[in-house]
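Remarks on the structure that follows.
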Amino acid sequence: MTDVGVGWRCVVCGTTVPLSEPFPWRCPRSTATDRRHVLRFVDDRPPPRPLDDPNPFVRYGPRLAWWAFATANRLTDDDCVSLTRSVVGDAVVTPFCRSEVVSDELGFDVWVKDETGNVGGSHKFRHLTSILLHLLAAERLGLLPTRPPLAIASCGNAALAAATLAARVGWPIDVYVPEWMDDAFGVRLDELAARTHRCPRRPDDPPGDPAVHRFRDAVAAGAVPFSVQGPENALCLDGGRTLGWEMADAAAAGGTPLDAVFVQVGGGAFATCVGDALGPSVRLHAVQAEGCAPLARAWRLAVDERDHELSDHEIAARWHELMIPWPDPHSAADGILDDETYDGLGVITAMRRSGGGPIVATEAHVLAARDLAQRGGFRASHTGAAGLAGLLAARDHVPDDERVAVVMSGVAR
Ligand SMILES: Cc1ncc(COP(=O)(O)O)c(C=O)c1O
Ligand SMILES: [Zn+2]
Numbered sequence: 003m004t005d006v007g008v009g010w011r012c013v014v015c016g017t018t019v020p021l022s023e024p025f026p027w028r029c030p031r032s033t034a035t036d037r038r039h040v041l042r043f044v045d046d047r048p049p050p051r052p053l054d055d056p057n058p059f060v061r062y063g064p065r066l067a068w069w070a071f072a073t074a075n076r077l078t079d080d081d082c083v084s085l086t087r088s089v090v091g092d093a094v095v096t097p098f099c100r101s102e103v104v105s106d107e108l109g110f111d112v113w114v115k116d117e118t119g120n121v122g123g124s125h126k127f128r129h130l131t132s133i134l135l136h137l138l139a140a141e142r143l144g145l146l147p148t149r150p151p152l153a154i155a156s157c158g159n160a161a162l163a164a165a166t167l168a169a170r171v172g173w174p175i176d177v178y179v180p181e182w183m184d185d186a187f188g189v190r191l192d193e194l195a196a197r198t199h200r201c202p203r204r205p206d207d208p209p210g211d212p213a214v215h216r217f218r219d220a221v222a223a224g225a226v227p228f229s230v231q232g233p234e235n236a237l238c239l240d241g242g243r244t245l246g247w248e249m250a251d252a253a254a255a256g257g258t259p260l261d262a263v264f265v266q267v268g269g270g271a272f273a274t275c276v277g278d279a280l281g282p283s284v285r286l287h288a289v290q291a292e293g294c295a296p297l298a299r300a301w302r303l304a305v306d307e308r309d310h311e312l313s314d315h316e317i318a319a320r321w322h323e324l325m326i327p328w329p330d331p332h333s334a335a336d337g338i339l340d341d342e343t344y345d346g347l348g349v350i351t352a353m354r355r356s357g358g359g360p361i362v363a364t365e366a367h368v369l370a371a372r373d374l375a376q377r378g379g380f381r382a383s384h385t386g387a388a389g390l391a392g393l394l395a396a397r398d399h400v401p402d403d404e405r406v407a408v409v410m411s412g413v414a415r
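Numbering (the numbering used here), first residue to last: 3 to 415.
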């Protein structure tokens with residue numbers, strides 16, 4: 003990493019991008035036909051100490067890539083604090099407590115990070131806040147004379163978070179949604195002044211989600227990829243880490259560090275961020291539903307079914323053969339049905355480094371987890387409780403004296 007120090011490096015091809023460069027969304031070598039590149043923030047500095055502030059985006063601000071970009075370009079820390087408050091002035095460190103009900107049911111200590119009350123009802127705003135703050139910093143620096151629209155393909159928690167943040171700063175946003183999107187959800191997006199586009203499949207569309215095709219068309223025409231997938235926008239992997247830092251600090255303050263964390267995985271950005279923030283001492287288990295488990299399959303091909311383990315670099319080089327799109331994703335946990343784990347490289351690296359691994363939850367576990375979550379007082383959806391489904395699936399392999407964490411995110415609608 004000596005050639006970067008602080009900046010960006012693609013985990014697939016090694017291309018570097020300087021920290022001071024605006025809009026480092028994608029690896030310069032990512033193309034329309036080969037999007038399997040992802041820039042990661044490289045930071046050789048000792049992690050700056052948290053600031054004494056209840057807002058996680060201020061508290062951990064100096065560790066964030068957007069903040070480092072802003073200050074490298076001569077904004078001050080005070081400028082960064084005021085930009086942060088203008089976007090997420092109401093963000094707070096969310097509760098992280100031992101759940102009596104869940105611990106009693108499982109027979110060991112289960113700690114629950116409850117994100118259901120956060121901005122937009124889930125953790126998704128954390129991924130998007132760092133993108134928006136980078137844009138606002140660039141605008142303040144005179145690097146963005148006009149505001150290009152934000153674009154996102156989603157009809158779930160990410161769309162809601164994106165429209166909520168955009169509305170707060172009056173930034174135009176286009177949300178690309180599937181044709182079958184629920185009308186009630188459309189009304190919520192309308193209320194937030196988002197421009198919603200239903201996306202039927204066009205005769206000349208390549209395979210894949212038509213909403214994603216229209217999102218990519220918009221980005222090619224100049225829109226900002228306001229995405230929660232690292233290969234589309236590396237800055238989303240920045241703010242997501244705040245949640246893991248909150249967990250690590252709360253566990254350290256309580257005097258009993260965590261042993262393992264079970265995280266629901268769709269595109270994989272969330273688990274990548276949590277794994278990064280918690281570091282190698284906390285086993286990361288990526289949880290997928292049996293009806294859509296492309297990451298578990300990639301892990302099997304890359305790690306379990308080999309005489310010698312592939313290095314992270316070799317896995318990255320073979321990603322196109324290891325990450326095979328799942329043919330018919332289905333589960334009640336409908337927010338984690340991404341047919342490809344776009345950020346799977348980050349998740350695999352974090353799992354290997356921490357001694358963790360993937361877990362596939364049966365549909366019965368998915369249903370039972372949401373039930374147990376609700377009994378425990380958490381208003382999580384099936385998607386939001388899917389990390390707990392993984393813990394139910396793995397309960398016989400977790401020693402009784404372990405301290406295990408799950409994240410409830412995504413309020414039931
Ligand atoms: C509540 C909730 N948890 C977890 C995830 C999974 O996040 P990722 O797609 O980054 O793996 C999602 C994705 O939509 C979600 O809505
Ligand atoms: Zn690259």
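In this text, a Cβ means the ideal position worked out from N, Cα and C, and glycines have one as well.
These numbers come from a predicted model, not from an experiment.
**Study point:** Alpha-carbon to alpha-carbon, Leu135 and Leu85
**Key:** For the purposes of this step, residue 85 is taken as the residue at position 83 of the sequence shown. For the purposes of this step, residue 135 is taken as the residue at position 133 of the sequence shown. One C-alpha to the other measures close to 7 angstroms.
Check your understanding: Given a threshold of 16 other Cβ atoms within 10 Å of its Cβ, counted over all protein chains shown, does Ser428 qualify as buried or as exposed?
Key -> Past the boundaries of the shown model lies residue 428; the chain is included only from 3 to 415, so the question cannot be answered.
Check your understanding: Just to confirm, does Ser32 get its C-beta within under 7 angstroms of one of the non-hydrogen atoms of ligand 3?
Key -> What this structure holds is ligand 1 and ligand 2, not ligand 3.
Check your understanding: According to DSSP, which residues form a beta bridge with Ala407?
Key -> Your numbering for residue 407 matches position 405 in the sequence shown. DSSP, once it has assigned bridges, lists Trp113 and Val263 as partnering Ala407.
**Study point:** heavy atom of ligand 1 below 7 angstroms from Lys126 C-beta
**Key:** In the sequence shown, residue 126 corresponds to position 124, counting from 1. Yes, the Cβ of Lys126 comes within 7 angstroms of a heavy atom of ligand 1.
Review point. Measuring from the CB of Gln376, is there a heavy atom of ligand 1 at a distance below 7 angstroms?
Key: Taking the sequence shown and counting its residues from 1, one reaches residue 376 at position 374. The answer is no for Gln376.
Review point. How should Ser411 be labelled, buried or exposed, when 16 other C-beta atoms within 10 angstroms of its C-beta is the threshold for buried?
Key: Translated into the one-based positions of the sequence shown, residue 411 becomes position 409. Answer is buried; the Cβ neighbour count reaches 16.
Practice item. Give the straight-line distance between the Cα atoms of Ala222 and Leu53, rounded to the nearest whole angstrom. Key: As a first step, residue 222 is located in the sequence shown; it is residue number 220 there, counting from the start. As a first step, residue 53 is located in the sequence shown; it is residue number 51 there, counting from the start. Using only the alpha carbons, I get a separation of about 38 angstroms.
Exercise for review: Would you mind reading off the limits of the alpha helix (DSSP H) that contains Asp81?
Suggested key: Looking up residue 81 in the sequence shown gives position 79. Element bounds for Asp81: Asp79 to Val90.
Point to revise | Neighbourhood of Glu404 by C-beta distance below 7 angstroms, restricted to the same chain and skipping five residues each side | key: Locating residue 404 in the sequence shown gives position 402, counting from the first residue. Excluding sequence neighbours, Glu404 sits near Phe110, Asp261 and Ala262.
Check your understanding: Is there at least one non-hydrogen atom of ligand 1 closer than 7 angstroms to the beta-carbon of Val263?
Key -> The residue given as residue 263 occupies position 261 in the sequence shown. Not so, every heavy atom of ligand 1 lies at least 7 angstroms from the Cβ.
Check your understanding: Using the beta-carbon count (16 or more within 10 Å), is Val189 buried or exposed?
Key -> Numbered from 1 along the sequence shown, position 187 holds the residue referred to as residue 189. Exposed: under 16 other Cβ atoms inside 10 Å.
Practice item. Report the residue from Ser32, Val284 and Gly241 whose alpha carbon sits nearest the alpha carbon of Trp68. Key: Here residue 68 is taken as the residue at index 66 of the sequence shown, counted from 1. Ranking Ser32, Val284 and Gly241 by Cα distance to Trp68 puts Gly241 first.
Review point. Relative to ligand 1, is the shortest distance from any of its heavy atoms to the C-beta of Phe272 smaller than 7 angstroms?
Key: On the sequence shown, residue 272 is found 270 positions in, with the first residue counted as 1. Under cutoff, so the answer is yes.
Review point. Say the cut is 7 angstroms; is the CB of Thr17 nearer than that to a heavy atom of ligand 2?
Key: Numbered from its first residue, the sequence shown carries residue 17 at position 15. Within the cutoff, so yes.
Exercise for review: Consult DSSP for Ala220 and reduce its assignment to one of helix, strand or coil.
Suggested key: Along the sequence shown, one-based indexing puts residue 220 at 218. Residue state, collapsed to three classes: helix.
**Study point:** Inter-residue spacing [alpha-carbon to alpha-carbon] between Ala252 and Phe98
**Key:** If you number the sequence shown from 1, residue 252 lands on position 250. If you number the sequence shown from 1, residue 98 lands on position 96. If I take the Cα positions, the gap works out to 7 angstroms.
**Study point:** Euclidean distance between Cα positions of Ile175 and Cys238
**Key:** For the purposes of this step, residue 175 is taken as the residue at position 173 of the sequence shown. For the purposes of this step, residue 238 is taken as the residue at position 236 of the sequence shown. Taking the straight line from one Cα to the other gives about 17 angstroms.
Point to revise | Where the alpha helix (DSSP H) through Arg377 begins and ends | key: Counting from 1 along the sequence shown, the entry for residue 377 is found at position 375. Segment Glu365 to Arg377, the alpha helix (DSSP H) holding Arg377.
Point to revise | Cβ shell of Ala34 (< 8 angstroms), same chain only, five flanking positions each side left out | key: Locating residue 34 in the sequence shown gives position 32, counting from the first residue. Contacts found: Arg218 and Ala222.
Review point. Under the criterion of a Cβ to heavy atom distance below 7 angstroms, does Ala363 qualify as lining ligand 1?
Key: If you number the sequence shown from 1, residue 363 lands on position 361. Between ligand 1 and Ala363, a heavy atom-to-CB distance of less than 7 angstroms is absent.
Point to revise | Short CB-CB distance (under 8 angstroms) between Leu312 and chain C | key: Protein chain content of the structure displayed is limited to a single chain, and chain C is not contained in it.
**Study point:** Between the CA atoms of Cys82 and Gly63 - distance to the nearest angstrom
**Key:** Position 61 of the sequence shown holds residue 63. Position 80 of the sequence shown holds residue 82. Cα-Cα distance, rounded: 8 angstroms.
Review point. From what residue to what residue does the alpha helix (DSSP H) around Gly277 run?
Key: Working through the sequence shown from its first residue, we reach residue 277 at position 275. Element bounds for Gly277: Ala271 to Leu280.
Check your understanding: Are the beta-carbon atoms belonging to Thr18 and Arg128 less than 8 angstroms from one another?
Key -> Within the sequence shown, residue 18 is the residue found at index 16, counting from 1. Within the sequence shown, residue 128 is the residue found at index 126, counting from 1. Contact: no.
**Study point:** Val133 Cβ short of 7 angstroms to ligand 1 heavy atom set
**Key:** Translated into positions along the sequence shown, residue 133 becomes position 131. It should be pointed out that residue 133 corresponds to Ile in this sequence rather than to Val. For ligand 1, not one heavy atom lies less than 7 angstroms from the Cβ of Ile133.
Practice item. Could you name the residues of the same chain whose beta carbon sits closer than 6 angstroms to that of His125, not counting the 5 residues immediately before and after it, in chain order? Key: To locate residue 125, count along the sequence shown from 1; it is residue 123. Answer for His125: Glu117, Leu245 and Ser411, listed in chain order.
Practice item. Taking only heavy atoms of ligand 2 into account, decide whether any of them is closer than 7 angstroms to the Cβ of Val14. Key: The count along the sequence shown starts at 1 and reaches residue 14 at position 12. Yes; taking the cut-off as 7 angstroms, the Cβ of Val14 has a heavy atom of ligand 2 nearer than that.
**Study point:** Endpoints, alpha helix (DSSP H) assigned at Gly188
**Key:** Here residue 188 corresponds to residue number 186 of the sequence shown, with the count starting at 1. Note, Gly188: alpha helix (DSSP H), Asp185 to Glu193.
Review point. How about His322: is its Cβ closer than 7 angstroms to a heavy atom in ligand 2?
Key: Within the sequence shown, the letter at position 320 stands for residue 322. Short note on His322: C-beta not closer than 7 angstroms to any heavy atom of ligand 2.
Review point. Considering only C-alpha positions, which residue in the set Ala370, Thr96, Arg28 and Pro50 is nearest to Arg42?
Key: Here residue 42 corresponds to residue number 40 of the sequence shown, with the count starting at 1. Selection Ala370, Thr96, Arg28 and Pro50 evaluated against Arg42 yields Arg28 as nearest (Cα-Cα).
Review point. Contact check, Arg38 vs Trp321 under 8 angstroms by CB: the rounded distance?
Key: What you label residue 38 is simply residue 36 of the sequence shown in a count that begins at 1. What you label residue 321 is simply residue 319 of the sequence shown in a count that begins at 1. About 5 angstroms separates the two Cβ atoms, so the contact holds.
Practice item. Have a look at Asp341 and Asp80 and give me their C-alpha separation to the nearest angstrom. Key: Taking the first residue of the sequence shown as 1, we reach residue 341 at position 339. Taking the first residue of the sequence shown as 1, we reach residue 80 at position 78. Near 42 angstroms, if we compare the C-alpha coordinates of Asp80 and Asp341.
Check your understanding: To which residues of the same chain is Arg142 closer than 6 angstroms at the C-beta, ignoring the five residues directly before and after it?
Key -> Here residue 142 refers to the residue found at position 140 of the sequence shown. No residues qualify anywhere along the chain.
Check your understanding: Considering only residues of the same chain and omitting the five flanking positions on each side of Glu107, which have a CB-CB separation below 7 angstroms?
Key -> As a working note, residue 107 is residue 105 in the sequence shown. Contacts found: Leu374.
Check your understanding: Can the beta-carbon of Leu191 be found less than 8 angstroms from the beta-carbon of Ala165?
Key -> Reading the sequence shown from its first residue, position 189 is the one you call residue 191. Reading the sequence shown from its first residue, position 163 is the one you call residue 165. Against a cut-off of 8 angstroms, the Cβ pair of Ala165 and Leu191 comes out as a contact.
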